[in-house]
Every structure is written in structure tokens, then in C-alpha cells.
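**Student:** One structure, as C-alpha cells, below. Some questions next.
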Amino acid sequence: MAPLKNEQKKSLAREIYLLGSYTLEEIASKVGTTRQTVGRWAKSEGWDELKAGMTITREQILKNMYRQIDEINSGILQREAGQRFANAKEADVLAKLAAAIDKMEREAGLADMVSVGIRFCEWVRKTDIDMGKQVASLWDAFIKDAIN
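In the numbering used here, the protein residues as written are 91 to 238.
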């Protein structure tokens, strides 16, 4: 496996920082850089503010899109008989929402993989710290391989 490029390290460190509860030192160890470098990235790119602002989850986004579809369909059903169909604008919005939902439900992006991995590793660490370290090491290798 080829070593990670600096931008890949920064991207992975950012995901771990935003989605997990790791120290800068732990993150640095996972991505193969120094604690100071991770700290500098976090400060210069405002990771603390991003983490504080991450209040909406993927599931919430999906629920909102489903609500929007429901709202459009409810409006259509309120029309007179024979007029209960989407106009061009509504059909376009419905198609775009359906495509976005399909994409979000099908694709597991890097952020999702990192998020699940972090949650799983934290869960294992609570049960067996040594096993947690082994799982975290394997998961790190998996993520690095997925990037390349």
C-alpha cells in the first residue's frame, strides 16, 4: 500500500476529528503525522467550529427530503380530480429529490466509513481495550486502502 499524501492525511484526520472523540495525538498516529501538524490543520481550518456545527446527520437529511416529497405530493392530492398530477417544476423537484435520496441511501462515502469505524472501535474499546486497539489498527489500514 502506498503511503498517504499530505492532503489525504489531512482529509482523513479531519474526518476522524469531526466524527470521533480522539485526541490530536491519537489522530496523528492514525494518519501518520505529528500532533502539532494535526493541531495546526484543526486551527487553520476551523475544525472546532465545524464539529460544533455538525448538528444535522445523514438520517436527518434523508428525513427532510422525504418530508419535502410528502409535502409536494400532499399539495398535488389537494387539487381537483383530473388535476392531481405534478407540473413540470414539481416533477423536476421530485426527480431530483428521488435521485439524491437514492444516492445517499446507496453510497457509503469515506465519511460514513470513518464514522462507522470510529463508533465500532469505541464500542470494542469499552469491552476489551486490547481488542479495540487491534480493531482500530485494522480499520485504519482499511480506510487508508480505500483512499488509494
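By construction, the Cβ of each residue, glycine as well, lies at the ideal position given by its N, Cα and C atoms.
In chain order, what are the residue ranges of uninterrupted alpha helix (DSSP H) at least 4 long that sit wholly in the region 164-222?
**Tutor:** If we require 4 residues or more, the alpha helix (DSSP H) runs fully inside the region 164-222 come out as 178-196 and 200-217.
**Student:** Go ahead and pull the three-state DSSP assignment for residue 112.
**Tutor:** Coil at residue 112, not helix or strand.
**Student:** Please name the residue, chosen from 217, 135, 102 and 110, that lies closest to residue 122 on a Cα-to-Cα basis.
**Tutor:** Among 217, 135, 102 and 110, the Cα nearest to that of residue 122 belongs to 102.
**Student:** Can you have a look at residue 110 and say buried or exposed, based on whether 16 or more other CB atoms are within 10 angstroms of its CB?
**Tutor:** Residue 110 should be labelled buried.
**Student:** Suppose the cutoff is 8 Å on Cβ atoms and the five residues either side in sequence are ignored; what does the same chain contact list for residue 151 look like?
**Tutor:** Same-chain partners within the cutoff: 194.
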